[in-house]
Amino acid sequence: MIRRALASFFLPGTIALALFCAGAVEAKKPEVRRARAVSDDELKVAYGTSDFGHGDIAAPRTKAVSVLVEDARTGEVLYEKNADARRAAASTQKLLTALIVAEEGYLDKRVTVQRVDTQAEPVRLNIKTGDTYQRIDLLRALLVKSPNDVARCLARDNAGSIELFAEKMNAKARSLGAMHSNFINPNGLPMPDQYSTARDLARIARAAYANPTIRSIVCLPQLVFRYADGRTRELENTNKILKRLPYCNGMKTGYT
């Protein structure tokens, strides 16, 4: 079986989006790692090229089926390949879920887990029916560890049902100019007729990164989640690029 990895990450001022083929919160306050300023020369080394997208040098070689790199400040596309082809977005679409939840606010409000929330395939955080958590706790877990049950819980809490939340996802995507996507669930698990494109996901990622709450979470290498019964669990960020590139600001990964 082919496993596809999808990655959305930020270097200072840059969005890279690629589709590859081949309670209470912390018991301890996680350290928020801030990206330092990066020189033009360092960016050239990071990309293995210089000034790509401006015509003076060949574009980078990629194994990805679809790629889009854009300037996060201006929206200028620096490099693209099959950026409008329909692809399964997997967990990268949780950025849209998180954006809707974060923008509607009241993140200190407590959410009671319902049985329907727990009916999700792995990865799960294994939250239990009847447990209560603050929205912000669940939002942090969603963006760091990417559990599917947490996505369902936040979506159902926000809109009343998964189906109604999907309608909000599609409306929000269209408002961001992501016109070639169709979302059916909040977690990105494969479903017929659910898809997006690298270009649409880049637009969603850019909007998500403009949200200060999301921006403060996606840069975390790890956090400690406290369950309703008092147990704690350290959650490591699924975005391994955070550890490989000191000037990576975070964002979201996904697998399908």
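Letter by letter, the sequence shown follows residues 39 to 294 of our numbering. Built from N, CA and C at the ideal position, the CB exists for glycine as well.
The C-alpha of Arg190 is placed about 10 Å away from the C-alpha of Arg162. Residue ranges of uninterrupted alpha helix (DSSP H) with 4 or more members, entirely inside the stretch 111-157 and ordered along the chain, are 132-142. In the DSSP annotation of this structure, the continuous segment of the alpha helix (DSSP H) that includes Thr251 starts and ends at Pro250 to Val256. Here the alpha carbon of Ala236 sits roughly 10 Å from the alpha carbon of Thr130. Note on geometry: alpha-carbon atoms of Met289 and Val151 lie some 26 Å from one another. The Cβ-Cβ distance between Ile138 and Lys183 does not fall below 8 Å. Under the Cβ criterion (8 Å, minimum of three pairs), the stretch 117-133 counts as touching the stretch 226-243. Nearest C-alpha to Ile222 among Leu258, Gly215 and Ala193: Ala193. Nearest Cα to Thr291 within the set Ala204, Gln232, Ala216 and Leu181: Leu181. Beta-carbon to beta-carbon, Asn225 and Ala140 are separated by about 16 Å, too far to satisfy the 8 Å threshold. In this structure, Ala245 sits near Leu214, with a CB-CB distance shorter than 8 Å.
According to the DSSP secondary-structure assignment, Val262 is paired through a beta bridge with Glu272.
About 5 Å separates the beta carbon of Asn275 from that of Pro259, a gap short enough to meet the 8 Å contact definition. Collapsing the DSSP output to three states places Glu159 in coil.
Annotation for Tyr247: the continuous alpha helix (DSSP H) segment containing it runs Ala236 to Tyr247.
Taking C-alpha positions only, Gly168 is separated from Leu134 by approximately 26 Å.
Each of Ala102, Pro284 and Thr112 was checked against the Cα of Ala123, and the nearest Cα belongs to Ala102.
Secondary structure of Asn196 (DSSP, three-state): helix. Nearest in C-alpha terms to Ala243, of all of Phe203, Pro98, Arg111 and Arg99, is Arg111.
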